[in-house]
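Novice:
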Amino acid sequence: MNLNKPREVVGSARAKCSRWNTYRRAYTGSPDWPVILHLRKKMFLRAATTACLHLAHGIVLDVGTGPGRLPLLLAEQAPNLTCIGIDIEEVLLRDAVRDARQNQGHDRISFLKADACALPFQDQSFDAVISMFSLHLWSYQDKAVAELRRVLKDEGLAVVMVGRRYVCHRKFWTLDYVTKDSAKSMKVLLHDAGFGDVEITYFEYGAMQIVGQK
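What follows is the structure in C-alpha cells.
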C-alpha cells in the first residue's frame, strides 16, 4: 500500500510556523511533553494489543492518527494487518508519512487527509476502527461514531480511547475528558449509532477504552 503524501505547505518558514501552531493546538506545547508522550505511548500499545487480539489479519482504520504513532505500532506488532491513518491536519500527516517511510512495515501503512464526520470510504471497508484521544476534537460526535460503524464490516470492532483532562495534580493534559458520567454517555453514543455490545475498560491515569462491536 503506497503512502499518500499530503499537499506541501509552501515556504520553509511558513511550513515551520504551521507545524508549530498545529502541534500547539493538537497537543500541549508543555515542557512536560516527554512524560505525556510516555503515557500516551502506553495507551497506544494497549489499543494496538486490543486490535491484535481480535484480528489475525485485515484492514484497520486509525481515525485522528496525528503523526501516525498507532499505525507504526500496528505494523511492528501485527505483520498481517494493514492500517490506514486519517487526520484533518496536513502538518501532522506529513510527519506521519516521513516516519512511516523508516518503518519496515511501511508498505502496509498509508495516510489520508479526511474528516471523521465524513469518512471517504465505502461501507464495510474495515475489520476494525481505532481512535486514540481524538474524540473531543470531532465537531459532531454522533455523526462521527455513525461513520465509524458504517465503514466497519459486520462483526467488526470500534476501539475508542479517551482520558481524563488532567493527570498528576492538573499538570499533564491527555486531551480527552473522562467524568463520572462518561461511561454511560459513551455507551449511549455507540448504541445510538447502532453498535451492539459495548465494553468499557478503565486504565491507570484515568484512561478509558470503549470497544463496540457492529
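Using the working numbering, read the sequence shown as starting at -7 and increasing by one per residue. Beta carbons: idealized from backbone N, C-alpha and C, even for Gly. Predicted model only: the values in this text are computed from it and were never measured.
How big is the Cα-Cα spacing for Pro59 and Phe36?
Specialist: Reading the sequence shown from its first residue, position 67 is the one you call residue 59. Reading the sequence shown from its first residue, position 44 is the one you call residue 36. The straight-line gap from Cα to Cα measures roughly 12 Å.
Novice: Given a cut-off of 8 Å on the beta-carbon distance, is the pair Val137 and Thr42 in contact?
Specialist: As a working note, residue 137 is residue 145 in the sequence shown. As a working note, residue 42 is residue 50 in the sequence shown. No, the pair does not count as a contact, with Cβ atoms beyond the cut-off.
Novice: Give the DSSP bridge partners of Ile78, in chain order.
Specialist: In the sequence shown, the residue the question calls residue 78 occupies position 86. DSSP lists Val55, Leu104 as partners of Ile78.
Novice: Return the chain-ordered list of same chain residues with a C-beta closer than 7 Å to the C-beta of Leu66, the five sequence neighbours on each side being excluded.
Specialist: In the sequence shown, counting from the first residue as 1, residue 66 sits at position 74. Result list for Leu66: Ala40, Ala43, Val52, Leu73, Cys75, in chain order.
Novice: Let me make sure I understand the geometry here. Which of Ser174, Ala110, Met178, Gly50 has the alpha-carbon closest to that of Ala120?
Specialist: By one-based count along the sequence shown, residue 120 stands at place 128. Comparing Cα positions, the closest option is Gly50.
Novice: So, helix, strand or coil for Leu181, using DSSP?
Specialist: As a position in the sequence shown, residue 181 is number 189, starting the count at 1. Helix, per DSSP.
Novice: For Leu62, collect the residues of the same chain with a Cβ closer than 8 Å to its Cβ; drop the 5 residues on either side in sequence, then sort them by chain order.
Specialist: As a first step, residue 62 must be located in the sequence shown, where it is residue number 70. So the list reads Phe36, Ala39, Ala40, Asp54, Cys75, Gly77, Ile122, Met124, once near-sequence residues are dropped.
Novice: At which residues does the alpha helix (DSSP H) containing Leu64 begin and terminate?
Specialist: The sequence position of residue 64 within the sequence shown is 72, counting from 1. That run of the alpha helix (DSSP H) goes 61 to 69.
Novice: How would you call Asp184, buried or exposed, if buried means at least 16 neighbouring beta carbons within 10 angstroms?
Specialist: Working through the sequence shown from its first residue, we reach residue 184 at position 192. Exposed.
Novice: Of the residues Trp130, Ala70, Gln205, which one's Cα is nearest the Cα of Glu147?
Specialist: Start at 1 with the first residue of the sequence shown, and residue 147 comes out as number 155. When each option's Cα is compared against that of Glu147, the closest is Gln205.
Novice: Kindly indicate which residue of Lys179, Arg86, Val190, Arg100 has the alpha-carbon position closest to the one of Glu68.
Specialist: Here residue 68 corresponds to residue number 76 of the sequence shown, with the count starting at 1. With respect to the C-alpha of Glu68, the residue from Lys179, Arg86, Val190, Arg100 having the closest C-alpha is Arg100.
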